[in-house]
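Student: What follows is a structure written as structure tokens; I'll ask about it next.
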Amino acid sequence: MSLGALNFLTINYFGVQNMGEWYYAKENEKIGPVEKEELLDLIKQKVVKGEDLVWTQGMEDWKKTKEIDALSSTVDTSSPPPNNAENSADVVEESFFSSEGRLRRKTYFIRVLLLSIPGAIFSVVSEGSAESGLIGFLALITIICSIFAIIQAVKRLHDINMSGGYWLLFFLPLVNFIFGLYILFKDGTAGPNKYGKDPKVRVAESS
Numbered sequence: 004m005s006l007g008a009l010n011f012l013t014i015n016y017f018g019v020q021n022m023g024e025w026y027y028a029k030e031n032e033k034i035g036p037v038e039k040e041e042l043l044d045l046i047k048q049k050v051v052k053g054e055d056l057v058w059t060q061g062m063e064d065w066k067k068t069k070e071i072d073a074l075s076s077t078v079d080t081s082s083p084p085p086n087n088a089e090n091s092a093d094v095v096e097e098s099f100f101s102s103e104g105r106l107r108r109k110t111y112f113i114r115v116l117l118l119s120i121p122g123a124i125f126s127v128v129s130e131g132s133a134e135s136g137l138i139g140f141l142a143l144i145t146i147i148c149s150i151f152a153i154i155q156a157v158k159r160l161h162d163i164n165m166s167g168g169y170w171l172l173f174f175l176p177l178v179n180f181i182f183g184l185y186i187l188f189k190d191g192t193a194g195p196n197k198y199g200k201d202p203k204v205r206v207a208e209s210s
């Protein structure tokens, strides 16, 4: 139905209207009359939106709510949040210093390799006659690197859709070796999982 036809039916069906009475259209349905204060409340509640058509006596035709000075100040013009589920797992970002997110095999291998260097230096130096101060410093660095290595292992587990708590298996003799090889070579989940987005940016495999 055109705006002109809607306006014509309004005038002829309801007769002479009071200036304070308004009508609004939702999904091609004319609703009203309502008082101006009531209409303003509906706008605040976002029942009537800026793109919805409204009309009152004295107007030549129906107009959008946002185009009427007496109503536009109440219209919420803020943009709606993007439909990307900001709090979903798909947007969890990976950081070197955080156990959140996922880590692909290649990145995991490089990081763990680099983090193991201080430990290797500490092993060599501690067997010599180096000063105790240097040994203590290297021991501290080794501990810090070990903590960061655990963080990387947790994210590698996330990539294969496993809980990060499984890193405790590294404390079990023999099991730690087999488990270490498993998370090193096991391919991650294709597409996002509950721990974050796919670091390889793949589409989830259809079942």
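If you count by the numbering used here, then the sequence shown holds residues 4 to 210, one letter each, in order.
Where a beta carbon is used, it is the ideal one built from N, C-alpha and C, also for glycine.
From a predicted model like this one, the values you see are computed outputs, not experimental measurements.
Mind checking Arg114: buried by the 16 CB within 10 Å criterion, or exposed?
Tutor: buried
Student: Using the C-alpha atoms, what's the distance from Tyr111 back to Glu130?
Tutor: 29 Å
Student: Just the Cα atoms here: how many angstroms apart are Ser102 and Ala193?
Tutor: When only Cα atoms are considered, Ser102 and Ala193 end up about 20 Å apart.
Student: For Ala28, which of helix, strand or coil comes out of DSSP?
Tutor: strand
Student: Does DSSP classify Pro36 as helix, strand or coil?
Tutor: strand
Student: Considering just the uninterrupted stretch of the alpha helix (DSSP H) at Thr68, what are its terminal residues?
Tutor: No alpha helix (DSSP H) holds Thr68; DSSP gives it neither H nor E.
Student: For Trp170, list the residues DSSP reports as bridge partners.
Tutor: Note: Trp170 sits in no beta bridge, so no partner.
Student: Report yes or no: do three or more beta-carbon pairs, one from the stretch 117-129 and one from the stretch 169-177, lie closer than 8 Å?
Tutor: no
Student: Alpha carbon to alpha carbon, what distance is there between Gln155 and Lys66?
Tutor: Distance between the alpha carbons of Lys66 and Gln155: 58 Å.
Student: Answer with buried or exposed for Phe174, where buried requires no fewer than 16 other C-beta atoms within 10 angstroms of its C-beta.
Tutor: Its Cβ having fewer than 16 others within 10 Å, Phe174 is exposed.
Student: On the three-state DSSP scale, how would you describe Phe17?
Tutor: Reliability fails at Phe17, whose pLDDT of 42 lies under 50, so the model's placement of it is uncertain and no value is given.
Student: Need the endpoints of the alpha helix (DSSP H) that Val127 sits in, please.
Tutor: Boundaries of the alpha helix (DSSP H) around Val127: Ile120 to Glu130.
Student: Let me make sure I understand the geometry here. Which of Ile146, Glu32, Arg107 and Arg108 has the alpha-carbon closest to that of Ser126?
Tutor: Nearest neighbour of Ser126 by Cα position, chosen from Ile146, Glu32, Arg107 and Arg108, turns out to be Ile146.
Student: Rounded to the nearest angstrom, how far is the Cβ of Tyr27 from that of Leu43, given a contact under 8 Å?
Tutor: 12 Å between Cβ atoms; not a contact.
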